[in-house]
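Down below is the structure, laid out as structure tokens.
Residue numbers (the numbering used here): 1342 to 1827.
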């Protein structure tokens, strides 16, 4: 120390006279000396240093965290430094780090626990539901049938509870995989309604769908999860609406870039003071004694799924006036609009290989339609499609296509598992696989390429790049020598 102001006594407990002539490194905490020496060497090279933190030992033996800014004067051969006591900030940061690490450990422990419990609970449930179904098929008496129905109802209720708890835990842990891409609202809503109509018919209910719903209406979402949310809203509407009630599904556009789907019922409605509890897990708003089955998790899961898809969910309700639950998602153009108007000319200009068989494994109908449209006018290209991974594997073994186009988010198998099985099978291991996915993260692309994918195309598709890849793969296959026949 050459010169020092009187603030040194407040910070370190040493007066200026006690420090002048001493080596500053003597006060640095032993564990921080290597980093301090490195920082000092960097100052001599660059001429300045900012935001460097180390610990000093005070006169009374306590430790203080110090934030340094420094500059080096080559002419005066002196280092000019300003020190700030950031001990409290360092304590807060350390506490935050400890809290985060503890939360991460707790999340990991929770996920591990739920995963284990899922397996442990599903094993006996398999026996309960399995033997329950066998009893239903053995012509039970009236009293026995009633008892079996109670067993099956309780078993399915528990299975739904397990599934919903696991879904919520995956979302909270950031482990839920979503494939967010353009989804045709009409198609996914019609699938959900097809599942709900028998239940509505049993209760003599009428489900009315907005006439403005067109096949060109698309939103950005994960198709399976959007269908799950719609099913939950429709199920609640049917369950909590009196017999011979009415349910309406409508579409609104709050802004030019958003689409809102509204499910309106003629049920009892919800009191204003209870609306804030609506999306709280396990809170059924005091209807436990109503006789209507439920887990109290459905809406909580819907809210988390909507937020994970960059969407919103809400409700408007009043006692005696029914409820209107709505979900809102980003609106997008139909993928088919990406096709050039003169598709024939575009295909001809691409000079694609004239013949070949392509298998497309994809569960999104609009994406299947897009590829069918793009390849439909190309002579010599035969397109096979599968909307499930298992079926895709069967078709690949049976037809040995020249190329497989593979989506990653399928209802039965994950895309990477389909790719792994294709590579393990002697019949399909050499078939080129082009991944087509909405997941454009570098980590995912590297993972699939390392697993054996030929190319990775991201959605929305660049049509020129799509044709170029198809042409390249088909030409390389046509140049391969045919196997010699003995």
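Positions of the beta carbon are idealized from the N, C-alpha and C atoms, including for glycine.
A quick note: this is a predicted structure, and the numbers were derived from the prediction, not measured.
(message) I need the boundaries of the beta strand (DSSP E) containing residue 1654, first residue and last residue.
(response) 1653-1658
(request) With DSSP as the reference, label residue 1732 as helix, strand or coil. (result) helix
(request) Just mark residue 1705 as buried or exposed, buried being the case when its beta carbon has 16 or more other beta carbons within 10 Å. (result) buried
(message) Quick check: residue 1526 and residue 1483, are their CB atoms within less than 8 Å of each other?
(response) no
(message) So for residue 1547, helix, strand or coil by DSSP?
(response) strand
(request) Have a look at residue 1601 and residue 1584 and give me their C-alpha separation to the nearest angstrom. (result) 27 Å
(message) Suppose the cutoff is 8 Å on Cβ atoms and the five residues either side in sequence are ignored; what does the same chain contact list for residue 1709 look like?
(response) 1701, 1703, 1726, 1728
(message) Please tell me whether residue 1407 and residue 1398 are closer than 8 Å, where the distance is taken between their beta carbons.
(response) no
(request) Look at the Cβ atom of residue 1641, then the Cβ atom of residue 1621, and state whether they are nearer than 8 Å. (result) yes
(message) Measuring straight from C-alpha to C-alpha, what distance separates residue 1444 and residue 1454?
(response) 15 Å
(request) Report the residue from 1506, 1430, 1606 whose alpha carbon sits nearest the alpha carbon of residue 1576. (result) 1606
(request) Return the first residue and the last residue of the alpha helix (DSSP H) that residue 1764 is part of. (result) 1756-1765
(request) Return the chain-ordered list of same chain residues with a C-beta closer than 6 Å to the C-beta of residue 1716, the five sequence neighbours on each side being excluded. (result) 1722, 1724
(request) Could you tell me the distance, in whole angstroms, from the CA atom of residue 1756 to the CA atom of residue 1472? (result) 33 Å
(request) Would you tell me roughly how many angstroms separate the C-alpha atoms of residue 1661 and residue 1611, rounded to the nearest one? (result) 8 Å
(request) Starting from residue 1396, trace the beta strand (DSSP E) both ways and give me its first and last residue. (result) 1389-1398
(request) Below 8 Å CB to CB, which residues in the same chain sit around residue 1356 once its five sequence neighbours on both sides are set aside? (result) 1347, 1349, 1350
(message) Can you check which of these residues, 1363, 1550, 1435, 1587, is closest to residue 1663 by C-alpha distance?
(response) 1587
(request) Please go through the same chain and pick out, in chain order, the residues whose beta-carbon is closer than 6 Å to the beta-carbon of residue 1396, but skip the five residues on each side of it. (result) 1370, 1373, 1404, 1406
(request) Tell me residue 1422's beta-bridge partners as DSSP assigns them. (result) 1411
(message) Tell me the residue span of the alpha helix (DSSP H) that contains residue 1568.
(response) 1564-1580
(request) Indicate whether residue 1572 and residue 1542 have their beta-carbon atoms separated by less than 8 Å. (result) no
(request) With DSSP collapsed to three states, give me the class of residue 1370. (result) coil
(request) Go ahead and label residue 1582 buried or exposed: buried means 16 or more other beta carbons lie within 10 angstroms of its beta carbon, across all protein chains shown. (result) buried
(message) According to DSSP, simplified to helix, strand and coil, what is residue 1678?
(response) helix
(request) Sort out for me which residues DSSP pairs residue 1697 with in a bridge. (result) 1722
(request) Can you check DSSP and say which residues form a bridge with residue 1727? (result) 1702
(message) Bridge partners for residue 1365 per DSSP, in chain order?
(response) In the DSSP output, where bridge partners are listed per residue, residue 1365 has none listed.
(request) Please report the residue range of the beta strand (DSSP E) in which residue 1777 lies. (result) 1774-1778
(request) Please classify residue 1432: does DSSP put it in a helix, a strand, or coil? (result) helix
(request) Pull up the distance between the alpha-carbon of residue 1529 and that of residue 1498, whole angstroms please. (result) 25 Å
(request) Look at residue 1760 and residue 1736 and say whether their C-beta atoms are less than 8 Å apart. (result) no
(request) Determine the extent of the beta strand (DSSP E) in which residue 1788 is found, giving its start and end residues. (result) Per DSSP, residue 1788 belongs to no beta strand (DSSP E); it is in the alpha helix (DSSP H), 1783-1791.
(request) Mark residue 1741 as exposed unless 16 or more other C-beta atoms lie within 10 angstroms of its C-beta, in which case mark it buried. (result) exposed
(message) Please classify residue 1505 as buried or exposed, where buried requires at least 16 other C-beta atoms within 10 Å of its C-beta.
(response) buried
(request) Please classify residue 1485: does DSSP put it in a helix, a strand, or coil? (result) helix
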